[in-house]
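Working notes for the structure below.
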Ligand SMILES: NC(=O)c1ccc[n+]([C@@H]2O[C@H](COP(=O)([O-])OP(=O)(O)OC[C@H]3O[C@@H](n4cnc5c(N)ncnc54)[C@H](O)[C@@H]3O)[C@@H](O)[C@H]2O)c1
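In the working numbering, the protein residues as written are 175 to 559.
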């Protein structure tokens with residue numbers, strides 16, 4: 175497989191998610207970090223890019239300059255990651271797709287359902303891949319959960335319970351802190367705050383593991399810190415297309431919770447429980463059996479789990495390595511397209527623009543239901559109804 179050229183937009187010095195992308199993209203040496211527009215301040219972006227090893231002429235000041243120059247190069251990048259703030263995702267992703275680049279966009283993919291539908295259509299029309307970084311789906315044991323559900327270990331899945339509840343915006347004194355305030359301001363963040371930021375990860379995880387789509391939902395959204403316009407806590411009940419019942423709690427005021435992404439899946443024949451903060455253990459309770467701990471990296475796991483394991487058993491493996499699985503799978507999908515050969519089916523589970531669109535539809539459904547005292551509403555994107 176030929177080494178692919180990778181570009182990054184956003185992820186500047188001090189950003190939260192930039193380092194995880196660089197580690198993830200770099201782990202398998204399938205991608206070479208070739209171009210970047212890393213910062214909203216052009217000089218800072220150019221400087222940081224060069225310190226990270228980019229050639230001077232490919233450490234760009236802004237994404238438009240990067241697009242204009244890269245599209246005219248013979249050795250142009252194969253994939254660009256968009257890791258800028260949410261409100262910029264649509265324009266950047268659309269522009270790069272239309273210019274013939276594959277894109278990995280951070281979540282949420284867009285700000286509206288209409289924009290998300292546009293991205294799905296553009297990706298289908300151009301044939302360019304648009305992946306969305308639901309990076310937690312790259313964890314070995316998350317993929318093992320999915321494999322256990324698919325091979326019938328749990329029987330029919332009755333109930334899924336997902337949480338993404340942390341306590342990092344619990345200080346009421348932060349209400350006027352500009353670094354926090356914008357996150358709850360509809361003019362900057364759209365119709366939803368906490369659900370759009372974190373809840374969609376939990377909902378994607380429920381869909382990914384059960385291989386089901388959310389059809390309807392009812393939401394109780396609340397601003398526990400009253401000056402906030404948008405929700406800092408939500409409880410969402412939902413239904414899935416093969417009959418599974420869903421419960422989802424997301425919060426940013428849950429003091430004592432750190433990251434707080436967890437998933438529990440309860441079937442006729444057994445239950446599974448996994449937490450992002452202890453990602454190397456999965457708890458399995460077979461019906462009438464005893465609670466078992468499944469360790470990442472141990473023998474006799476599914477091929478999906480084996481393939482996604484990167485360090486030996488007993489050594490902690492965390493989020494950048496989950497991102498590395500997304501990047502490795504993307505490298506396979508892009509290389510297969512370039513080489514005109516079928517994609518290795520084991521690599522074909524990267525979240526796509528369709529997942530990004532489903533999330534956006536769920537965000538709007540949560541906002542609508544929350545405003546209507548929990549009315550059950552359709553959560554499917556119009557083009558999938
Ligand atoms: N998938 C995940 O698990 C995960 C986790 C955290 C954040 N995110 C997403 O990643 C995105 C970035 O989040 P973050 O927490 O890293 O934000 P951040 O504020 O820490 O960093 C944003 C970076 O983007 C740069 N930037 C802003 N506008 C830009 C522009 N127009 N062109 C180039 N660079 C620009 C900033 O200078 C900064 O370096 C968000 O969409 C967020 O939702 C995803």
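Even for Gly, the Cβ is constructed at its ideal location relative to N, Cα and C.
Predicted, not measured: the structure shown is a model, and the values here were computed from it.
Query                                                                                                                                  : Result
For residue 334 and residue 448, believed in contact at Cβ under 8 Å, the rounded distance                                             : Going by Cβ atoms, the distance from residue 448 to residue 334 rounds to 12 Å, so no, they are not a contact pair.
Contacting residues, own chain, Cβ-Cβ under 6 Å from residue 419 (five flanking each side not counted)                                 : 333
heavy atom of ligand 1 below 7 Å from residue 351 C-beta                                                                               : no
Residue 458, enclosing beta strand (DSSP E) - first and last residue                                                                   : 455–460
Selected residue, minimal CA-CA separation from residue 445, among 468, 486 and 427                                                    : 468
Residues that residue 183 bridges to, as DSSP identifies them                                                                          : 211 and 256
Cutoff 6 Å; reference residue 498; Cβ partners in own chain excluding five residues on either side                                     : 198 and 201
Closer than 7 Å: residue 250 CB and nearest ligand 1 heavy atom                                                                        : no
Integer Cβ distance of residue 283 from residue 527, believed to fall under 8 Å                                                        : 6 Å
Check: residue 189 C-beta below 7 Å from any heavy atom of ligand 1                                                                    : yes
CA nearest to the CA of residue 560, picked from 209, 502, 305 and 373                                                                 : Residue 560 is absent from the structure shown; the chain starts at 175 and stops at 559.
Contacts around residue 187, its chain only, beta-carbon distance under 6 Å, and the 5 residues preceding and following it disregarded : 222
Euclidean distance between Cα positions of residue 492 and residue 456                                                                 : 14 Å
Reduced DSSP secondary structure (H/G/I, E/B, other) of residue 237                                                                    : helix
Contact between the stretch 550–558 and the stretch 387–402 (3+ Cβ pairs under 8 Å)                                                    : yes
Contact set for residue 508: own chain, Cβ-Cβ below 7 Å, skip 5 residues either direction                                              : 178, 252, 253, 276 and 303
Cross-strand partners of residue 474 (DSSP beta bridge)                                                                                : Bridge partners of residue 474: none, in fact.
Alpha-carbon to alpha-carbon, residue 411 and residue 560                                                                              : Residue 560 lies beyond the stretch modelled for the chain, which goes from 175 to 559, so this question has no answer here.
First and last residue of the uninterrupted alpha helix (DSSP H) at residue 320                                                        : 314–324
Buried/exposed call for residue 162, threshold 16 Cβ in 10 Å                                                                           : An answer regarding residue 162 cannot be provided, because it is not within the stretch 175 to 559 covered by the chain.
Residue 268 vs residue 242 beta-carbon contact at 8 Å                                                                                  : no
Residue range of the alpha helix (DSSP H) that includes residue 543                                                                    : 527–545
Residue 268: CB within 7 Å of a non-hydrogen atom of ligand 1                                                                          : no
Beta-carbon proximity check, residue 308 vs residue 281, cutoff 8 Å                                                                    : yes
For residue 260, the nearest candidate out of 459, 466 and 366 (CA to CA)                                                              : 366
Residue range of the unbroken alpha helix (DSSP H) whose run includes residue 268                                                      : 263–272
Buried or exposed (CB count within 10 angstroms, at least 16 for buried), residue 205                                                  : buried
Assigned secondary structure, residue 467 (DSSP; H/G/I helix, E/B strand, else coil)                                                   : strand
Distance CB(residue 240)-CB(residue 264) smaller than 8 Å                                                                              : no
N- and C-terminal bounds of the beta strand (DSSP E) containing residue 276                                                            : 276–279
Extent of the continuous alpha helix (DSSP H) to which residue 194 belongs                                                             : 192–200
DSSP state of residue 335 mapped onto helix, strand, coil                                                                              : strand
Any non-hydrogen atom of ligand 1 within 7 Å of residue 374 CB                                                                         : no
Beta carbon of residue 278 nearer than 8 Å to that of residue 300                                                                      : no
Residue nearest to residue 374 in terms of C-alpha spacing, selected from 217, 408 and 330                                             : 408
Contact check, residue 423 vs residue 337, beta carbons under 8 Å                                                                      : yes
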